[in-house]
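Using our numbering, count along the sequence shown one by one with no gaps and you end on 1515.
We treat Cβ as the ideally placed atom computed from N, Cα and C, and that holds for glycine.
Here the structure is laid out as structure tokens; the discussion comes afterwards.
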Amino acid sequence: MCCYVKKITFCPLVNSKKINKHLSFEPIFVLFWDGGSMKAKFRKPIIILLLAFCTALFLSLSLMWAATPTPEKKEPAKPTAVAKPPDSAKKGEKFVIRGREYCYECIDNSDCLGCHSNKINERKFAQSVHGANSCNSCHWDITDVKTHTKTKGARIHAEPVTCHRCHKKEGAEHYASAHFINDIQCKDCHKDIHDMTPWKGEKKRVIEKCTTCHADDGFLESSHGKSVLAGNPDSPDCSDCHGLHKVPLLKGDEPKVVQFRKEFHTAVCLKCHDDKEMMERNKVFVVATQTYFESYHGKVEKLGYPSLVAGCADCHGYHSILPPSDPKSLISDARLVETCGKCHPRGNTNFVMWVAHATHNDPKRDPIFYWTFVIMTALLVSVFSMFWLHTVLWWRRDFWEKRELRAQGIFFPQHVKPDEAGHMYRRFSLFDIILHFTMMVTFIALVLTGLPLKFSHAPWAKGLMSFLGGAEMAGLVHRIAAGITFLYFGAALAYIFYFLFYKKLPGNPNPFQKLFGPDSLCPRWKDIEDIVGMIRWFLNKGPKPQFDRWTYWEKFDFLAVFWGMFAIGLSGLMLWFPEAFCIFLPGWILNIAHIIHSDEALLASGFIFTVHFFNTHFRPSKFPFDPVIFTGRLPKYELVEERPEQHKRLLAQKRLETYREKYPSAWTDLFSNVMGFAMLAIGLFCIFLIAWEFLG
């Protein structure tokens, strides 16, 4: 079985074996082959290459899987087994435990109170939550009052009281709590067990109970504590955050405990602060949670890596939460540098001007952020609208024109000699190829590692971030790719300087003439004429423009890199080194940088994976893939058809043959197709994720 694709396999104009021999090109992509489809000398190395590629891919995925830590499953602590009556035991029913016979609730309360009335108030017990029970319901192991009272040194509690026999839910929660781990039993909190009245949600009672062991840590003086004492039912007490019985273990420096503690604090804050009605009722900032999850801190927390960023409690505190106007508050002007300095030790007064809960949706509250977002949104909409319309119009015209020519058996310009149509000519230098390859790989890396952060709330974000090795690894890859981007941008600037001042061109033009000459990527008046001519061609109003070495859309792509390096690069550096930039800039500049970096990155990725992919690969005359950027060569018929002005100029200068190249080797073809289709697939995958988020 074989799939042996050729660009041209016959000439409909001249039926000649000699001519067809020249037009029978090498394969552009080999999937499988039989004995006659490829020269024998190429079979073995290509088989070895494919096997090596598959083996390397398998080993890479295996190592990535092996390097991903598997969370240890920690079984919850289990209570020590104790004897207890059957759950179904009824009053007067006898049962046997450990060879001894017992009778459930067979002893009257009056018999017990004859001795214990000095400690237990019969009236209060009757009015308590346990008043309907018999003493023998809990102290079931006492079967004979006479033996119990007359035996010297008798043990009243032969077996411990098992509260969870009746309170199953509370018991299960307690056995999974920090209290049980630290050997704190029911009786340690419920000391008034014999006269305990029903709990009706009294928050003050909870606080009083908890503070018998725990210092209040400033809770009673905090905003929450004062509100509880004032009788506000919405304000949290200890149990609203920590629970009544299933109290989580929060102390410890182990990584898992640290991560759980961060998740816990943020989760308990969200319980109330994510309730819009409750916040409005108490006149509290209603978009605190929304704005937090729009920040870098919140996005990383949302993706499942809270230990890497600041959560609610890291900035606001745990118990002593005070308003910013209070000098003792962690977020007061007097203490902000100290608070932020826990994570950003080089932060200064400029740095803390960063707005933690900024919103770009409220022009009254944050007008600068609002208008920055409006301008960036307008830029996105205008660029996509213009170029997507350009794409649709081009596809329509190109599709029908190519279809009509192929229906007539015309596969290349008729004025190209058939025996020369397959001659290869240099389009890109080795420097161009390396520069573009570096740009392509780093751009893909930046997009893949940035998408989960941009759309942290998307259903696919956590999975993609986990696949990339987690937020810390993704951040490292993102920064390495960004650093390489600055390096190749510097190389491009150096080449521009070389081109303008040192490179020799026919006619010895000066730097100004070079800048606006046909070999330059700088826009010139002819590009305006070409745009108008292209639109007329789209609408069947005129012929297709005659392009030179660079088209107007290629120049736009090139110049977009300069804008991208300014917008994305500068804003990215600010977010990478915030303390350094805040030595001389106010912190709210970082909020603006976040908006610009996020939206401009979306514009760049959306443009490259739709417009650029179409212009280069997906238009009907190129579909499905143009390998020229990998091989650096294009056939003569493409040079004549797509860049006739350059072809004429090279002929006039008698330089055409100096651009003549050999056909790419099988290795070059194989590498071009594997890498090219892989990059196209990743790009389309990214566009799918973006479309899912916007349309889903």
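According to the DSSP secondary-structure assignment, P1454 is paired through a beta bridge with M1243. The beta carbons of K1019 and I1012 sit about 18 Å from each other, so the pair does not count as a contact at 8 Å. Taking all protein chains in view, the Cβ of Y1317 is surrounded by fewer than 16 other Cβ atoms within 10 Å, so the residue is classified as exposed.
DSSP places E1021 outside any alpha helix (DSSP H), giving it a letter other than H or E. Closest option to I961, judged by alpha-carbon separation, among P979, R1479, S947: P979. DSSP places R1225 within a helical segment (H, G or I) once states are collapsed to three. DSSP lists M1243 as the bridge partner or partners of E1480. Counted as a single uninterrupted DSSP element, the stretch harbouring H983 is not any alpha helix (DSSP H), since DSSP gives it neither H nor E. The alpha carbon of H1135 has as its nearest neighbour, out of Y1124, S1491, C1159, the alpha carbon of C1159.
Closest in C-alpha terms to F1428, from the list I939, M1498, F1038, F1403, comes M1498. For R1154, no alpha helix (DSSP H) encloses it, and the DSSP letter there is neither H nor E. In the DSSP assignment, V1087 falls within the alpha helix (DSSP H) that extends over 1074 to 1092. If only uninterrupted alpha helix (DSSP H) runs of at least 4 residues are considered, those enclosed by the segment 924 to 949 are 928 to 935, 941 to 946. Taking a 10 Å sphere around the C-beta of M1205, we find fewer than 16 other C-beta atoms and assign the residue as exposed. In the structure shown, R1216 adopts helical secondary structure according to DSSP, grouped into three states.
When the beta-carbon positions are compared, L1306 and A1293 stay at least 9 Å from each other. Taking 9 Å as the cut-off, the Cβ atoms of S1126 and P1074 count as close. For the 9 Å CB-CB criterion, C954 and I926 form a contact. A residue is called buried when at least 16 other Cβ atoms come within 10 angstroms of its Cβ; A945 does not meet this threshold and is exposed. When T1257, D1059, C1088 are compared, the shortest CA-CA separation from M1494 is found for T1257. For A1313, same chain residues with a beta-carbon under 8 Å away, outside a window of 5 residues either side, do not exist. With respect to the C-alpha of W1214, the residue from F1432, M1259, S1484, K1023 having the closest C-alpha is F1432. Assigned with DSSP and collapsed to three states, R1100 falls in helix. In this model, L1208 and G1425 are separated by some 14 Å (Cα to Cα). Non-local C-beta neighbours of I1414 in its own chain, meaning closer than 7 Å and more than five positions away in sequence, comprise H1179, F1188, T1191, F1192, M1195, ordered along the chain. Residue burial annotation: E1157 is exposed, with fewer than 16 other C-beta atoms found within 10 angstroms of its C-beta.
Between the segment 1394 to 1407 and the segment 1371 to 1381 there are fewer than three C-beta pairs closer than 8 Å, too few to call the two in contact. The C-beta separation of P1483 from G1241 comes to about 12 Å, leaving the pair out of contact by the 8 Å criterion.
In the structure shown, M1015 adopts coil according to DSSP, grouped into three states.
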